[in-house]
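In the numbering used here, the protein residues as written are 80 to 336.
We put the CB at the ideal spot given by N, CA and C, even for glycine.
Just so we're clear, the structure is a prediction, and the values are computed from it rather than from any experiment.
Report on one structure; see the data block that follows.
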């Protein structure tokens, strides 16, 4: 773990690592509409305490989402986002309660299994031929909230849901950007409430905002040129998340942590 400066900010070496991670993850987020926290938190945790990595990712995701909201709102599928958000809010506390009795590593294996099943189903061409009903969408949001409470990872269920819909890549990306803005708002509020975001963390979030904005713009430009690859890259990302989450869970259960 890196040494910290007297001001409470990370050392110059850690800051350099964080800068690179934020820039790369912002580009990926700009292309896919998701993935910033999923990728950034594990990577930043290699150089920072996990709670600080989560706080930085949540704050940057929130600011990035606010900056992108105006453009994303024009293409977003609002009915599905509202229903997903409702299900997420309802189920997130249940996920937290489950975490109290379900070991964290077992929760990671459950999440990895769900991601793996989604990747296999979507990769084989399964999906909705028409827009699903409200109950299905709220249930998908509930699953997202459940995983948020269990493992602080609401992303995979929402991503799998949108990839299964008969939507254009533009609409999928915009809807994910708006949904994760909502998720980041909830996460940041919770982190503020427990004191995980103070002056030093806020300074780091503000300092990283230009990287978030610039990387997202680069990713958005790549999406405009390579939008046809959106689904393949998103599925590959879900598969990698499933593999790494399962590996971490197994390592913990076998005494590897």
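Around the beta carbon of residue 100, 16 or more other beta carbons sit within 10 angstroms, so the residue counts as buried.
At a Cβ-Cβ threshold of 9 Å, residue 109 and residue 296 count as neighbours.
In the same chain as residue 96, and ignoring 5 residues on each side of it, the C-beta atoms closer than 7 Å to its own belong to 126, in chain order. Taking 9 Å as the cut-off, the Cβ atoms of residue 248 and residue 206 do not count as close. Taking a contact as a CB-CB distance under 8 Å, the pair residue 137 and residue 315 does not count as one, their CB atoms being some 25 Å apart.
With fewer than 16 other beta carbons inside 10 angstroms of its own, residue 98 counts as exposed.
For residue 207, the three-state secondary structure derived from DSSP is coil. Residue 201 and residue 242 have their alpha carbons spaced roughly 7 Å apart. Given a length threshold of 4 residues, each whole run of the alpha helix (DSSP H) inside the segment 160 to 203 is given here in chain order: 183 to 202.
Rounded to whole angstroms, the separation of the alpha carbons of residue 153 and residue 324 is 34 Å.
Annotated as distal: residue 304 and residue 151, with beta-carbon spacing of 9 Å or more.
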